[in-house]
Amino acid sequence: MNYFSSDFKLGILGGGQLGKMLLYNTRKFDIYTCILDNSDQAPSRMACNEFTKGDLMDFDTVYNFGKQVNVLTIEIENVNVAALEKLENEGITVYPSSKTLRRIQNKATQKLFYQDHNLPTAPFSRFAYVSEIEDAIDNGGLNLPFVWKAAQFGYDGNGVKIVRSIADLKDLPKGECIAEQLIPFKNELAVIVARSANGEMKTYPVVEMEFHPEANQVEYVICPARISAEVAKKAQDIALKTSEAFNHVGLLAVELFQTEDDKILINEVAPRPHNSGHQTIEGSYTSQFEQHIRAILGLPLGKTDNKVASVMVNLVGAEGYTGQVHYKNIESIMAMDGVTPHIYGKKETRPFRKMGHVTIVDEDLNIARQIAEKVKNSIEVISL
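Residue numbers for the sequence shown follow the working numbering, beginning at 1250 and rising by one.
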């Protein structure tokens, strides 16, 4: 099929920052794009060919949107899967598939999938209601501390909590959840796997994530991870196996724990471009966003090696500020060598909302990490 400067239409469910960065590449290739998003303020609105405002969880909205395109993909998991299933049955190409999305949308189902396919993950228990957790603790079926995760609709640190005492259960949402064994780990790693419609597969170098202690959001993504070649190979092999087990097409971001004794365990996956791959825009031969487009269209996958070491810093709304966004001291970080800010186009800031990211590249990873710290301490996302 001719995708370039043609009548072909690519549909994207979701119009947030990931969609916007996918559109950098569809514009480069002159691929016609249609976006569906809940908000008419969506960052992707400015860069697509057609924009539709509508509810991503509504069956008819997603189905009617999907009928107008040739290939449909996502930039967010929370979409109506039943509509995708019907579209697939009617001959629309949907990547990731409805089957994959259904498994991944629910964390309990996702964890069971790893168990069934002998993919390493932390031990866990599944509960229909939070109230059942207290009973499990009382009768010795569950030990404190553990990690509580909402089965559905968690994102960016929401829907995850370390439970150290019964009191920590008090304000949790009441619905389906999992209780996962708290694993002592020395590193949180991630591997992005690209798998094309014709089965070609490539992994990006392993990245290491440093987290904000309170917000449970990634503060720095460091590429390549500061780990041994042996651990890196293990992480990439597990990520490849995971993508194959899902029979996934597109990008799969596999978040991993490196335990104290260098075992690798899967934390969770995202079937789309991911925060742990933003640095690929400046740091890699092929960005994760271009690679996703290549993969879902069955085009040859691009080279995934690093051109240079890179560190990515998330720009999130500062605490105590809500309203019209202002990027304080952005000029000072742009004066630093190898620093590129990406502003997502969200007009309103609020505490911990993802508003952009900054990539820092250098031949020397340690220097990039030092500059990243300066960037983090200089720029502030506040309101006017």
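The beta carbon of each residue, even a glycine, is placed where N, CA and C say it ideally should be.
Computed from a predicted model, the values in this text were never measured in an experiment.
Distance cut-off 6 Å: residue i Cβ against heavy atoms of the ligand NAP
i, result
"LYS1356", "Questions concerning the ligand NAP fall outside what the structure shown contains, since it holds no ligand whatsoever."
Where the alpha helix (DSSP H) containing residue i begins and where it ends
i, result
"GLY1572", "Unbroken run through GLY1572 is the beta strand (DSSP E), 1572-1577; no alpha helix (DSSP H)."
"HIS1541", "1537-1545"
"ALA1484", "1478-1495"
"VAL1311", "1308-1315"
"SER1627", "1614-1627"
"THR1529", "1529-1532"
"SER1347", "1347-1354"
"LEU1548", "Careful: LEU1548 lies outside any alpha helix (DSSP H) and carries neither H nor E."
Nearest candidate by alpha-carbon position, reference residue i, set the options
i, options, result
"ILE1382", "MET1295, HIS1575, GLU1622, LYS1398", "LYS1398"
"ILE1579", "ILE1545, GLU1539, LYS1623", "LYS1623"
"THR1608", "GLU1468, PHE1402, PRO1600", "GLU1468"
"THR1529", "GLN1317, ILE1261, CYS1472", "CYS1472"
"GLU1539", "ILE1261, GLY1265, LEU1272, MET1250", "LEU1272"
"LEU1548", "ILE1386, ASP1554, ALA1443", "ALA1443"
"TYR1576", "LYS1451, VAL1412, ARG1413, ILE1631", "ILE1631"
"VAL1518", "VAL1318, PRO1345, ILE1280, ALA1331", "PRO1345"
"ASP1486", "ALA1474, ILE1513, THR1508", "ILE1513"
"ILE1476", "LEU1368, GLU1425, LEU1333, LEU1438", "LEU1438"
"PRO1462", "LYS1277, VAL1560, PHE1601", "PHE1601"
"TYR1252", "MET1270, LEU1368, LEU1267, PHE1278", "PHE1278"
"ASN1626", "THR1598, VAL1565, ALA1484, ASP1309", "VAL1565"
"ASN1496", "ASN1516, ASP1420, GLU1509, PRO1520", "PRO1520"
"ARG1599", "GLU1629, ALA1558, ASN1436", "GLU1629"
"ILE1280", "ILE1261, ASP1289, GLU1531", "ILE1261"
"MET1450", "GLU1457, ALA1474, VAL1574, ALA1494", "ALA1494"
"ALA1446", "THR1301, SER1559, VAL1318, ALA1544", "ALA1544"
"ILE1582", "TYR1453, GLY1424, HIS1606", "HIS1606"
"THR1589", "GLU1531, ALA1558, GLY1569, ASP1613", "GLU1531"
"ASN1313", "LEU1333, MET1295, LEU1393, PRO1369", "LEU1333"
Start-to-end residues for the beta strand (DSSP E) that takes in residue i
i, result
"ARG1444", "1434-1444"
"ALA1399", "1395-1399"
"SER1380", "From DSSP, SER1380 is part of no beta strand (DSSP E) but of the alpha helix (DSSP H) over 1380-1387."
"GLN1507", "1499-1508"
"ALA1428", "1426-1430"
"SER1374", "1373-1376"
"TYR1281", "1281-1286"
"MET1604", "1603-1611"
"LYS1258", "1258-1262"
"ILE1513", "1513-1519"
"LEU1564", "1558-1565"
Test: residue i CB closer than 7 Å to a CB of chain B
i, result
"VAL1467", "Although the question refers to chain B, the structure presented lacks it and comprises just one protein chain."
Through-space distance from residue j to residue i, alpha-carbon basis
i, j, result
"PHE1257", "ASN1287", "24 Å"
"ALA1291", "ASP1307", "18 Å"
"LYS1603", "GLY1587", "22 Å"
"LEU1321", "LEU1391", "42 Å"
"ALA1567", "GLY1448", "43 Å"
"LYS1335", "TYR1593", "33 Å"
"SER1254", "ILE1341", "20 Å"
"ASP1611", "VAL1455", "17 Å"
"ARG1618", "ARG1351", "38 Å"
"SER1414", "ILE1386", "10 Å"
"HIS1527", "GLN1537", "7 Å"
"LYS1636", "PHE1362", "For residue 1636 there is no data in the structure shown, the boundaries of the chain being 1250 and 1633."
"ASP1420", "ASN1563", "28 Å"
"GLN1573", "LEU1633", "6 Å"
"ASP1511", "HIS1591", "34 Å"
"ASN1555", "ALA1488", "18 Å"
"SER1533", "GLU1597", "31 Å"
Close beta carbons around residue i, own chain, < 6 Å, minus the five adjacent residues each side
i, result
"GLU1299", "CYS1283"
"GLU1459", "GLU1468, TYR1469"
"SER1525", "ALA1439, VAL1456, VAL1470, ALA1502"
"LYS1595", "MET1604"
7 Å CB neighbourhood of residue i in its chain, flanking five on each side removed
i, result
"THR1275", "LEU1259, THR1282, ILE1542"
"GLU1429", "ALA1371, PHE1373, PHE1395, VAL1396, LYS1398"
"CYS1426", "PHE1376, VAL1379, TRP1397, LYS1398, ALA1399, ALA1400"
"ALA1331", "PHE1308"
Short Cβ contact (7 Å threshold) for residue i with residue j
i, j, result
"VAL1412", "GLY1403", "no"
"GLY1263", "GLU1339", "no"
"LEU1546", "PRO1522", "no"
"GLY1265", "LEU1285", "no"
"VAL1503", "THR1491", "yes"
"THR1571", "GLY1551", "no"
"VAL1311", "ASN1327", "no"
"VAL1560", "ALA1621", "yes"
"GLN1507", "LYS1435", "yes"
Sequence-distant residues of its chain with Cβ nearer than 8 Å to residue i (five each side left out)
i, result
"GLU1240", "The question about residue 1240 has no answer, for the chain in this structure spans 1250 to 1633."
"LEU1418", "VAL1379, ILE1382, GLU1383, TRP1397, VAL1412"
"PRO1369", "TYR1363, ILE1487, LYS1512, ILE1513, LEU1514, ILE1515"
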